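In the numbering used here, the protein residues as written are 1018 to 1677.
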């Protein structure tokens, strides 16, 4: 689309309707009570990694403009569990959201503002009119220009009211741990210095290292899960290398203990997925020092394409950068050691891919996933993942993956020559979930975050939003339930401290109860069938045949579309099932496309990825972008459920960045 300035079309914002409010001290808000403020509606759901990115993008703006800007999080859930008000309250606390949140379980406000993707941002001026509609991440720079414009305009008109906003902080609920993410068993002799003073550790029982995610640190616990043997990190959110008391993390998640010979060469023992810092960190258990291993702290937005070449120019599977500290990562969520690859495998949740990291050489590579969000098996370079969040290696050297947004259990089958194929054991797609045991093809999970391999070769799954631990048996191809009634289990690990002949146990990280618990592995698993479900998000009625697609994009004030090397916009389009899309799929430049939809497919999902590149001005006299201008990539992935009917729409308009 062409660059345009904000128009003066006056569209009144719809009222905020939902079940209730959080972070307001029990008060209900409406737009009338917010008149005089710039209101930023953030449509989000707490399962969505892109939504979590936006929360962090908005924090500096909220602080800078605290007296004139009111952010309102509109929580419009994707999964059934996310509609639980208790789970939502926990998520608001977990992610340290410091603005009012509207609980919108029926998607009433979502529909009123015609949101089509998570996240979506809507800007409302002090008089109650919509001035911008933005999809996806990366809009902070544009908002940093728009907000001062609105301040100047409405101060001049006398319609801007400065002062405190309606946010009221809730009471904290955690104890020693706060929303722990993952755990790692440290065998005797490999624990931290403090563990050597513990009687249990001396006896050979070992200790447990836990990412205390909500406290932004790591905690080493004795096997009683109560005795704190040591902490790593100051507990203050941020980024800093250094000793145990000085290092800083930002919502650390996965942990892996390196083999002893590798650790000796690398100079550290544990690799940590430091999720919000977009980095891999190393921890020496000998002296408690934390160091940065990979990642420049800039969130990665580029992904690989079907041509097996990363858009930064690196061949698929090859090292991305000579210097691992110059590589951009995106929300690394879990890590596991791969004996076959002789490297750490990383679930790169933010770009729906699987990476690897070599602790000895520092090489960072993409090993699976082309960056498109969804469930598609096949060769590693062509496979789709969706916010992979848990990893485990089995006895054959294959890697099991908890693929959270598709509610799926996936597997990387690694051949002896290093070739990788992706298979799905459980799961159907982005919008299918449930709580059902039985044959794997019919079984359903709900946003799993953790996975481990049991002694018999079966796989235990932290089925997070079902509050359960599930078991997949490859031998029989069935799914059963080992335990339920848990509060958002985020990881599951086989207990290695049990003596021979005793009943095997699992250690479960129960995030929303801020604790680790033991769960027995029974001989007979409980069978569950509470049905399968689909996301309640409404399907868009479209007519079979030709469908005109337009993605609107307006560069922020002070930026210009970067057309120095041709059209700087791009669309990638595919569908589930593939037969839905007769023509118009694939990747090409431009934000306009005519699709042809099948007449014999009743419903499906259109997968649309839009991109636009714009660079900072001011423009030179000849209208060109300055040579050293900073440039920005805008991107959004949509998975749009569609229902085909004769009287359906023949046009589909989406906003990557629309200004009214």
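Cβ atoms here follow ideal geometry from the backbone N, Cα and C, with glycine treated the same way. Please read these numbers as outputs of a predicted model, since none were measured by experiment.
Query raised in the report: Would you say the region 1196-1204 touches the region 1495-1514, given that touching needs at least three Cβ pairs under 8 Å?
Result: A contact exists between the region 1196-1204 and the region 1495-1514.
Query - Extent of the continuous beta strand (DSSP E) to which residue 1581 belongs - result: Residue 1581 -> no beta strand (DSSP E), and no H or E assigned at all.
Requested in this report: Would you decide whether residue 1059 is buried or exposed? Buried here means 16 or more other CB atoms lie within 10 Å of its CB.
Outcome: Classification of residue 1059: buried, given that the 10 Å Cβ count is 16 or more.
Query raised in the report: When the Cα atoms are used, what is the spatial distance from residue 1615 to residue 1489?
Result: Distance between the alpha carbons of residue 1615 and residue 1489 is about 36 Å.
Report task. Write down the C-beta distance between residue 1157 and residue 1074 rounded to the nearest angstrom, noting that I regard them as a contact closer than 8 Å. Result -> With 8 Å as the limit, residue 1157 and residue 1074 qualify as a contact, their Cβ atoms being about 4 Å apart.
Query raised in the report: Helix, strand or coil: which one does DSSP assign to residue 1477?
Result: DSSP places residue 1477 in strand when its eight states are reduced to three.
Query raised in the report: Apart from the five residues on each side of it in sequence, which residues of its chain come closer than 7 Å, Cβ to Cβ, to residue 1323?
Result: Reliability fails at residue 1323, whose pLDDT of 33 lies under 50, so the model's placement of it is uncertain and the value that follows must be treated cautiously. Contacts found: 1387, 1399.
Query raised in the report: When DSSP labels each residue in this structure, what does residue 1347 get in the three-state scheme?
Result: In the structure shown, residue 1347 sits in coil (DSSP, three-state: anything other than H, G, I, E or B).
Query - Cβ-based neighbour list, residue 1242, same chain, cut-off 6 Å, excluding 5 preceding and 5 following - result: Only 1533 meet the Cβ criterion.
Report task. Mark residue 1012 as exposed unless 16 or more other C-beta atoms lie within 10 angstroms of its C-beta, in which case mark it buried. Result -> The chain is shown only over 1018 to 1677; residue 1012 falls outside these bounds and no answer can be derived.
Requested in this report: Would you check if the distance between the CB atom of residue 1133 and the CB atom of residue 1671 is smaller than 8 Å?
Outcome: The beta carbons of residue 1133 and residue 1671 sit closer together than 8 Å.
**Report entry** For residue 1298 and residue 1549, the rounded distance between their alpha carbons
**Finding:** Cα to Cα, residue 1549 sits roughly 39 Å from residue 1298.
**Report entry** Unbroken beta strand (DSSP E) run spanning residue 1416, endpoints
**Finding:** For residue 1416, the enclosing beta strand (DSSP E) covers residues 1416-1420.
Query raised in the report: Does the region 1062-1069 come close enough to the region 1031-1042 to have 3 or more Cβ pairs within less than 8 Å?
Result: Counting Cβ pairs under 8 Å, fewer than three are found: no touch.
Query raised in the report: Would you report the Cα separation of residue 1372 and residue 1181, rounded to the nearest angstrom?
Result: Counting only the Cα atoms, residue 1181 lies some 44 Å from residue 1372.
Report task. Identify every residue that forms a DSSP beta bridge with residue 1371. Result -> Paired residue(s): 1364, 1385.
Query - Paired residues, beta bridge with residue 1627 - DSSP - result: Paired residue(s): 1588, 1653.
Report task. Enumerate, from N- to C-terminal direction, the unbroken alpha helix (DSSP H) stretches of 4 or more residues contained entirely within the region 1025-1079. Result -> Runs found: none.
Query - Residue burial classification, residue 1583 (beta-carbon count within 10 angstroms, cutoff 16) - result: Counting other Cβ atoms within 10 Å of its Cβ, residue 1583 stays below 16 and is therefore classed as exposed.
Query raised in the report: With burial defined as no fewer than 16 other Cβ atoms inside 10 Å of the residue's Cβ, what is the status of residue 1249: buried or exposed?
Result: Here residue 1249 is buried: its Cβ has 16 or more other Cβ atoms, across all protein chains shown, within 10 Å.
Query raised in the report: Leaving out the 5 sequence neighbours to the left and right, which residues in its chain are closer than 7 Å to residue 1335 when beta-carbon positions are compared?
Result: A distance below 7 Å between beta-carbons, with the five flanking residues on each side excluded, links residue 1335 to the following residues of its chain, in chain order: 1382.
Query raised in the report: What number of angstroms, rounded off, separates the C-alpha of residue 1361 from the C-alpha of residue 1286?
Result: Per the coordinates, the alpha-carbon of residue 1361 lies some 12 Å from the alpha-carbon of residue 1286.
Query raised in the report: Quick one: what's got a C-beta closer than 6 Å to residue 1367's C-beta in the same chain, skipping five residues either side?
Result: By the criterion of a C-beta distance shorter than 6 Å, residue 1367 is surrounded in its chain by 1066, 1347, 1348, once the five residues flanking it on both sides are discounted.
**Report entry** Under the three-state DSSP convention, the category residue 1315 falls into
**Finding:** Collapsing the DSSP output to three states places residue 1315 in coil.
Query raised in the report: Just the Cα atoms here: how many angstroms apart are residue 1555 and residue 1062?
Result: Cα to Cα, residue 1555 sits roughly 15 Å from residue 1062.
Requested in this report: Following the continuous alpha helix (DSSP H) through residue 1159, name the residue where it begins and the one where it ends.
Outcome: Counting along the chain, residue 1159 sits inside the alpha helix (DSSP H) bounded by residues 1157-1174.
Query raised in the report: Within this structure, are the beta carbons of residue 1463 and residue 1424 separated by less than 8 Å?
Result: Cβ atoms of residue 1463 and residue 1424: closer than 8 Å.
Requested in this report: Could you tell me if residue 1103 is buried or exposed, where buried requires 16 or more neighbouring beta carbons within 10 angstroms of its beta carbon?
Outcome: Exposed, by the Cβ-count rule.
Query raised in the report: How far does the beta strand (DSSP E) with residue 1234 in it reach, from first residue to last?
Result: That run of the beta strand (DSSP E) goes 1234-1238.
Query - residue 1624 versus residue 1482: straight-line alpha-carbon distance, rounded - result: Approximately 24 Å between the Cα atoms of the pair.
Report task. Taking the CB atoms as reference points, tell me whether residue 1394 and residue 1440 lie closer together than 8 Å. Result -> Closer than 8 Å, so yes.
Query raised in the report: For residue 1186, is the beta carbon positioned less than 7 Å from some heavy atom of the ligand NAD?
Result: Looking for the ligand NAD in the displayed structure turns up nothing, as the structure carries no ligands at all.
Requested in this report: Mind checking which residues open and close the beta strand (DSSP E) that includes residue 1527?
Outcome: DSSP places residue 1527 in the uninterrupted beta strand (DSSP E) bounded by 1522-1527.
Query raised in the report: Taking residue 1253 as the reference, which of 1263, 1422, 1437 has the closest Cα?
Result: Closest by alpha carbon: 1263.
Query raised in the report: Do the CB positions of residue 1224 and residue 1238 come within less than 8 Å of each other?
Result: Between residue 1224 and residue 1238, the CB-CB gap stays under 8 Å.
Query raised in the report: Is DSSP giving residue 1445 helix, strand or coil here?
Result: If DSSP states are grouped into helix, strand and coil, residue 1445 belongs with coil.
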